[in-house]
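Each residue of the sequence shown is one higher than the one before, counting from 1 in the numbering used here.
All C-beta atoms, glycine included, are put in the ideal place defined by N, C-alpha and C.
One structure is given here, and the rest of the page talks about it.
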Amino acid sequence: MNIRVAVSGSGRMGRTVGEAVSAAADMQLVAYIDSLVPAGMLDATPLFESPQAAFSATSPDVVVDFTNAEWTPHLTGAAVAAGVRPVIGTSGLSPQYLESLASACRSAKLGGVVASNFALGAVLMMHFAKLAAPYFESAEIIELHHDQKVDAPSGTAVTTAQMMRAARDAAFSHRAPEKLTLPGSRGAESGGVAIHSVRLPGLVAHQEVLFGGLAQTLSIRHDSTGRDSFMPGVLLAVRAVMEKDRLIVGLDSLLGLS
Ligand SMILES: NC(=O)c1ccc[n+]([C@@H]2O[C@H](COP(=O)([O-])OP(=O)(O)OC[C@H]3O[C@@H](n4cnc5c(N)ncnc54)[C@H](O)[C@@H]3O)[C@@H](O)[C@H]2O)c1
């Protein structure tokens with residue numbers, strides 16, 4: 001099969017996806033879409049400002065989006081209307097938007113994937129954290145990313161905390177100290193899981209989940225050391241949406257983990 005793929009976003013992730021799609025034997029990169037960049041050519045591929053124009057000119061089967069939470073709803077609205085299957089990696093998307101996208105895909109019988117982390121090792125890290133969650137009373141997440149990341153905490157950290165909370169009967173025990181000498185030093189909190197965000201040049205995407213119990217701790221850590229780490233997961237999702245008729249959230253089911 002030759003899957004025609006458009007890439008939404010010509011930033012760091014968009015270009016890496018474009019290269020990975022071009023190198024895949026069963027895929028063809030047909031367009032880039034970026035509303036913030038003047039239309040033209042990018043690495044010998046047409047670049048469109050408007051999704052509608054890109055879809056009608058190049059008839060993609062799938063559009064892969066790594067942009068910004070403000071833009072993704074515009075992109076997917078046009079994609080679903082044109083029968084183009086969305087594969088979304090953009091972070092910071094609201095639960096309400098994800099509900100509406102799931103409903104639109106269901107009505108159109110269109111496959112789609114949204115994943116807060118396409119690195120297969122990160123999917124496993126989240127799965128292992130979910131398995132460990134019922135056995136410890138306390139847990140914290142430290143997520144570390146490059147200093148250009150626009151949002152905090154990372155979508156992966158929020159998803160991990162939600163998965164961990166859903167795997168147990170009650171929230172984790174979140175200890176607040178009697179005195180906070182610096183506000184915010186205990187991090188954010190979700191389901192009793194403290195989340196700490198580190199932003200530094202030199203980092204890519206990293207996360208450590210720490211569990212604490214009686215006289216023991218358990219640490220589960222994943223490191224993406226380059227953006228290539230996300231590409232096997234993205235290509236897996238591009239192939240999978242061709243066979244689906246609804247929106248899949250996360251890669252777990254595609255990897256046989258749920
Ligand atoms: N799910 C994952 O595995 C994963 C992995 C890495 C990055 N991400 C996410 O992917 C997204 C892109 O990351 P990046 O490192 O490529 O960022 P980047 O800044 O290099 O590129 C962002 C792209 O989005 C476009 N864009 C930004 N704001 C826009 C707006 N308001 N309207 C239209 N277009 C807009 C820019 O023109 C650019 O092409 C981020 O949300 C990031 O958190 C997800």
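Query                                                                                                         : Result
Nearest to F118 (by Cα), restricted to the options Q28, G18, L236 and V7                                      : L236
Backbone CA spacing between R227 and E140 [nearest angstrom]                                                  : 25 Å
Identity of the residue in M126, E143 and S59 nearest S197 by Cα                                              : E143
Within 7 Å, strictly: CB atoms of M13 and F66                                                                 : yes
Nearest-angstrom beta carbon gap, V5 and V37 [assumed within contact, 8 Å]                                    : That pair is no contact at about 18 Å.
G14 in three-state terms, based on DSSP                                                                       : helix
3-residue-minimum beta strand (DSSP E) runs that sit fully inside the region 49–129, ordered along the chain  : 62–65, 85–88 and 112–114
A133 burial status per 10 Å Cβ neighbour count (16 or more: buried)                                           : buried
G226 CB to nearest heavy atom of ligand 1 below 6 Å                                                           : no
Contact test: S197 Cβ vs ligand 1 heavy atom, cutoff 6 Å                                                      : no
Rounded Cβ spacing between I88 and P153 (contact assumed at less than 8 Å)                                    : That pair is no contact at about 19 Å.
Selected residue, minimal CA-CA separation from M125, among D147, A78, S35 and M163                           : M163
Three or more C-beta pairs below 8 Å linking the region 105–120 and the region 172–179                        : no
R165 and G191 closer than 7 Å at C-beta                                                                       : yes
Cβ pair V80, A104 closer than 7 Å                                                                             : yes
Inside the region 178–243 only - beta strand (DSSP E) runs reaching at least 3 residues                       : 188–190, 193–199, 205–213 and 216–224
Contact test: E49 Cβ vs ligand 1 heavy atom, cutoff 6 Å                                                       : no
CA-to-CA distance, F48 to R199, given in whole angstroms                                                      : 32 Å
For P134, three-class secondary structure by DSSP                                                             : helix
Beta carbon of S91 nearer than 7 Å to that of D151                                                            : yes
Extent of the continuous alpha helix (DSSP H) to which A161 belongs                                           : G155 to A166
M1 classed as buried or exposed, judged by whether at least 16 other C-beta atoms fall within 10 angstroms    : exposed
Assigned exposure category for A215 - 16 Cβ within 10 Å defines buried                                        : exposed
Other residues of its chain near V209: CB distance less than 6 Å, five sequence neighbours each side excluded : A129, I141 and I220
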